[in-house]
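Participant:
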Amino acid sequence: MSAAVVFILFVICLVIAIPVSISLGIVAVLPGAFDSSFTASASYVIRSMLGGIDSFPLLAVPMFVLAGIVMAHGKISQKLFDVFVYFIGKRTAGIPCAVIITCLFYGAISGSAPATVAAVGSMTIPLLMELGYKKDFSTAIVAVAGGLGVIIPPSIPFIMYAMATGESVSDLFLAGIIPGLLIGALLMFYAYYHCKRYGEDKEKINAKVSELRSKGLFSILKDSIWALLSPVIVLGCIYAGIASPTEAAVISVFYALFVSLFIYKSIKVKEIWGIMVEAMKTYAPILFILAASTAFSRVLTLMQVPQTVSAWILAHFTNEIVLLIVINIFLLIVGMVMDTTPAILILSPILLPIVQSIGMNPIHFGVVMIVNLAIGFVTPPIGVNLFVASSLTDVPVMRIAKKAAPMIGYFLLALLLLTFIPAISLCLL
């Protein structure tokens with residue numbers, strides 16, 4: 046069975062709405078089923094699936110998922126937002142910029158884009174609308190800024206990329222810091238331009254910020270310091286050599302529980318079981334996709350698909366700039382129609398040899414790949430962030446996408462800079 050047939054069958058499975066994990070499992074088994082001489086028998090596929098999830102670094106993923114859910118229930122996003130509004134709320138675009146910065150910080154807690162949109166959006170979108178910002182703009186800015194959740198470390202997609210390529214999780218986390226800040230800064234520039242052009246209800250905004258400031262700086266900082274310290278503690282443990290990323294993920298869970306239970310007292314002990322069940326329901330589909338993607342990737346390797354694709358692309362695109370642009374366009378399209386986890390696990394082993402052949406650093410490529418797929422979170426037809434944001438405000442997905450288009454343009458500008466200026470990603474390594 047040829048690789049082309051395998052990919053066609055995979056697409057057909059997705060089109061007829063077979064779950065991604067099952068689709069990957071089916072197409073991984075088929076080559077061995079139709080060709081008895083092929084090395085990848087059904088037992089090989091099963092062993093590959095089990096081997097794909099038998100990984101210590103992978104344990105970081107459910108831990109970060111659990112920490113993010115604990116903090117969402119603990120209303121930590123509200124504490125973060127309040128402190129940023131206190132300092133910049135009265136400035137032009139201060140409130141939208143506070144939303145973007147909150148997404149940056151919450152992304153550093155949860156490592157997930159949809160989780161960031163849900164946690165930050167449920168709290169900030171009603172406030173933005175109350176202060177006079179249009180519903181479409183309020184929803185779109187949270188949906189796009191939520192994409193920072195997979196770029197700012199700790200990032201679940203970076204862990205998946207490390208799993209697929211054998212690169213260092215710590216290095217990938219470090220490489221994501223400056224790109225995440227760059228994209229956040231560009232989104233804030235757009236928010237400033239938008240508010241300058243269309244205006245703001247300064248009377249309502251000033252009244253709201255004054256009400257917040259009446260509590261006093263000490264009171265605001267006392268409430269928010271525990272939330273602000275969360276990413277500092279997690280990343281500090283990793284880069285100080287105190288803990289591995291997996292161990293830091295466990296620390297983040299205990300920290301989130303401690304703060305939510307004993308400091309903010311925003312959750313009760315009896316709610317912990319429900320939170321753990323929610324985390325398991327969130328992680329279980331990821332685990333099945335990971336197992337099936339690993340098996341599928343190994344089958345493709347046995348079929349020499351990475352080598353074949355690499356040879357074909359390098360033969361047809363000899364100019365390095367053109368090659369990188371083509372790969373970016375391909376990843377943008379993939380991000381529009383495929384979930385991040387299978388996209389990373391399937392495509393990383395195929396594309397990495399190609400970019401390495403032109404001297405691109407694997408860590409640099411990891412950042413470029415994740416940024417491409419992050420844009421996919423806010424582009425139809427899949428656009429997970431769009432659907433999460435739509436569920437919060439009942440704004441149709443395509444209306445959010447239309448309003449988000451200029452912001453995506455700034456995301457693309459950042460992608461262009463990241464692709465051709467490796468130092469942005471690698472300067473902290």
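Take any residue in the sequence shown, note its place counting from 1, add 45, and you have its number in this note's numbering.
Backbone N, C-alpha and C fix where the C-beta goes; we use that ideal spot for every residue, glycine too.
Remember, predicted model here, so these are calculated numbers, not experimental data.
1) Put Gln349 into one of helix, strand or coil per three-state DSSP.
2) Could you tell me if Gly404 is buried or exposed, where buried requires 16 or more neighbouring beta carbons within 10 angstroms of its beta carbon?
3) Cutting at 7 Å between CB atoms, please list the residues of its own chain near Leu376, excluding the five before and the five after it.
4) Between which two residues does the alpha helix (DSSP H) carrying Ile445 extend?
5) At which residue ranges does the region 220 to 281 contain complete alpha helix (DSSP H) runs of 4 or more residues, listed in the order of the chain?
6) Tell me which same chain residues have a C-beta within less than 7 Å of the C-beta of Pro107, skipping the five on either side of it?
7) I need the DSSP call for Lys179, collapsed to helix, strand or coil.
8) Taking a contact to mean a Cβ-Cβ separation below 7 Å, would you say Val433 touches Ala153 in this structure?
9) Let me know if His361 comes out buried or exposed under the rule of 16 or more other beta-carbons within 10 Å of its beta-carbon.
10) Say whether the region 362 to 382 touches the region 176 to 192, bearing in mind that this needs 3 or more beta-carbon pairs closer than 8 Å, one atom from each stretch.
11) Would you call the region 291 to 310 in contact with the region 118 to 135, where contact means no fewer than 3 C-beta pairs closer than 8 Å?
12) Between which two residues does the alpha helix (DSSP H) carrying Ala285 extend?
13) Within the continuous alpha helix (DSSP H) that includes Arg92, where are the two ends?
14) Between Leu226, Val295, Ile331, which lies nearest to Cys148 when the distance is taken from Cα to Cα?
15) What do you reckon, are the CB atoms on Phe182 and Lys448 nearer than 7 Å?
16) I'd like to know whether the C-beta atoms of Ile331 and Thr385 end up nearer to each other than 7 Å.
17) What span of residues does the alpha helix (DSSP H) with Ile424 cover, start to end?
18) To the nearest whole angstrom, what separates the beta carbons of Ala87 and Val72, a pair I think is in contact under 8 Å?
19) Whole-angstrom Cβ separation of Gly156 and Ser200, contact assumed at under 8 Å?
20) Does DSSP put Ile403 in a helix, in a strand, or in coil?
21) Considering Met383, what are the terminal residues of the alpha helix (DSSP H) in which it resides?
22) Just to confirm before moving on: does the CB-CB distance between Ala388 and Leu69 stay below 7 Å?
23) So does the region 240 to 260 actually touch the region 88 to 103, counting three or more Cβ pairs closer than 8 Å?
24) Short check: CB of Leu471 to CB of His409, under 7 Å?
25) Check whether the Cβ atoms of Ser66 and Phe333 sit closer than 7 Å, and answer yes or no.
26) Who are the near neighbours of Thr424 in its chain, counting only those whose CB is closer than 6 Å to its CB and skipping five residues on each side?
27) Tell me the rounded alpha-carbon separation between Leu431 and Met168.
28) Please report the distance separating the alpha-carbon of Gly428 from that of Ala160.
29) What residue from Val214, Ser215, His239, Ile197 has the CA that sits closest to Ile186's CA?
30) By Cβ distance below 7 Å, which residues in the same chain neighbour Leu288 in space, the five residues on each side in sequence not counted?
31) Would you call Val277 buried or exposed, if buried means 16 or more other Cβ atoms sit within 10 Å of its Cβ?
32) Leaving out the 5 sequence neighbours to the left and right, which residues in its chain are closer than 8 Å to Thr210 when beta-carbon positions are compared?
33) Going by CA-CA distance only, name the one from Asn251, Ala236, Ala220 that's closest to Pro467.
34) Grab me the residues of Leu54's own chain with a C-beta within less than 8 Å of its C-beta, minus the 5 sequence neighbours each way, in chain order.
35) So, using beta-carbon positions, are Ala272 and Lys124 closer together than 7 Å?
36) Helix, strand or coil: which one does DSSP assign to Tyr300?
Facilitator: Reading off the structure:
1) Locating residue 349 in the sequence shown gives position 304, counting from the first residue. The answer is coil: DSSP assigns Gln349 none of H, G, I, E or B.
2) The residue labelled residue 404 in the question sits at position 359 within the sequence shown. By the 10 Å Cβ count, Gly404 comes out exposed.
3) Stepping through the sequence shown from its first residue, residue 376 is reached at position 331. Contacts found: Met414, Asn417, Leu418.
4) The residue you call residue 445 lines up with position 400 of the sequence shown. 442 to 465 is the extent of the alpha helix (DSSP H) around Ile445.
5) 247 to 258
6) The residue given as residue 107 occupies position 62 in the sequence shown. Correct list, in chain order: Ala324, Tyr328.
7) Working through the sequence shown from its first residue, we reach residue 179 at position 134. In the structure shown, Lys179 sits in coil (DSSP, three-state: anything other than H, G, I, E or B).
8) For the purposes of this step, residue 433 is identified with residue 388 of the sequence shown, where counting begins at 1. For the purposes of this step, residue 153 is identified with residue 108 of the sequence shown, where counting begins at 1. No, the Cβ-Cβ distance between Val433 and Ala153 is not below 7 Å.
9) Position 316 of the sequence shown, counted from the start, is the residue given in the question as residue 361. Label assigned to His361: exposed.
10) no
11) As far as the Cβ criterion goes, the region 291 to 310 touches the region 118 to 135, which means the pair count is three or higher.
12) Start at 1 with the first residue of the sequence shown, and residue 285 comes out as number 240. First-last for Ala285: undefined, no H or E at that position.
13) Taking the first residue of the sequence shown as 1, we reach residue 92 at position 47. Where Arg92 is concerned, the enclosing alpha helix (DSSP H) starts and stops at 87 to 98.
14) Position 103 of the sequence shown holds residue 148. When each option's Cα is compared against that of Cys148, the closest is Leu226.
15) The count along the sequence shown starts at 1 and reaches residue 182 at position 137. The count along the sequence shown starts at 1 and reaches residue 448 at position 403. Cβ atoms of Phe182 and Lys448: closer than 7 Å.
16) In the sequence shown, the residue the question calls residue 331 occupies position 286. In the sequence shown, the residue the question calls residue 385 occupies position 340. No, the pair does not count as a contact, with Cβ atoms beyond the cut-off.
17) Here residue 424 refers to the residue found at position 379 when the sequence shown is read from its first residue. One point to set straight first is that residue 424 is Thr, not Ile, in the sequence displayed. Per DSSP, Thr424 belongs to no alpha helix (DSSP H) and is neither H nor E.
18) Taking the first residue of the sequence shown as position 1, residue 87 is located at position 42. Taking the first residue of the sequence shown as position 1, residue 72 is located at position 27. Between Val72 and Ala87 the Cβ distance is about 13 Å, and since that is not below 8 Å, they are no contact.
19) Position 111 of the sequence shown, counted from the first residue, corresponds to residue 156. Position 155 of the sequence shown, counted from the first residue, corresponds to residue 200. Yes, they are in contact, since the Cβ atoms of Gly156 and Ser200 sit about 5 Å apart, within 8 Å.
20) The count along the sequence shown starts at 1 and reaches residue 403 at position 358. In the structure shown, Ile403 sits in coil (DSSP, three-state: anything other than H, G, I, E or B).
21) For the purposes of this step, residue 383 is taken as the residue at position 338 of the sequence shown. Note, Met383: premise wrong, no alpha helix (DSSP H); not H, not E.
22) In the sequence shown, the residue the question calls residue 388 occupies position 343. In the sequence shown, the residue the question calls residue 69 occupies position 24. The answer is no: Cβ separation not under 7 Å.
23) no
24) On the sequence shown, residue 471 is found 426 positions in, with the first residue counted as 1. On the sequence shown, residue 409 is found 364 positions in, with the first residue counted as 1. Yes, Cβ-Cβ distance for Leu471 and His409 is below 7 Å.
25) Position 21 of the sequence shown, counting from 1, holds the residue named residue 66. Position 288 of the sequence shown, counting from 1, holds the residue named residue 333. It is a contact, given that the beta carbons lie within the stated cut-off.
26) Here residue 424 is taken as the residue at index 379 of the sequence shown, counted from 1. Cβ-Cβ distances below 6 Å link Thr424 to Met381 in the same chain, with the five nearest sequence neighbours on each side left out; the list follows chain order.
27) For the purposes of this step, residue 431 is taken as residue 386 along the sequence shown, with counting starting at 1. For the purposes of this step, residue 168 is taken as residue 123 along the sequence shown, with counting starting at 1. Each residue's Cα considered, the two are about 16 Å apart.
28) As a working note, residue 428 is residue 383 in the sequence shown. As a working note, residue 160 is residue 115 in the sequence shown. Their backbone Cα atoms lie some 14 Å apart in a straight line.
29) As a first step, residue 186 is located in the sequence shown; it is residue number 141 there, counting from the start. Comparing Cα positions, the closest option is His239.
30) For this step, residue 288 is matched to residue 243 along the sequence shown. In the sequence on display, residue 288 carries Ala and not Leu. Here the set comprises Cys282, Ile296.
31) The residue you call residue 277 lines up with position 232 of the sequence shown. When all chains shown are included, Val277 counts as exposed.
32) For the purposes of this step, residue 210 is taken as residue 165 along the sequence shown, with counting starting at 1. Cβ neighbours of Thr210 beyond the five flanking positions: Ser393, Pro394, Leu397, Pro407, Gly411.
33) For the purposes of this step, residue 467 is identified with residue 422 of the sequence shown, where counting begins at 1. The shortest Cα separation from Pro467 among Asn251, Ala236, Ala220 belongs to Ala220.
34) Numbered from its first residue, the sequence shown carries residue 54 at position 9. Taken in chain order, the residues that qualify are Ile71, Val72, Leu75.
35) Numbered from 1 along the sequence shown, position 227 holds the residue referred to as residue 272. Numbered from 1 along the sequence shown, position 79 holds the residue referred to as residue 124. Result yes, Cβ atoms of Ala272 and Lys124 sit closer than 7 Å.
36) By one-based count along the sequence shown, residue 300 stands at place 255. Of the three classes helix, strand and coil, the one that applies to Tyr300 here is helix, per DSSP.
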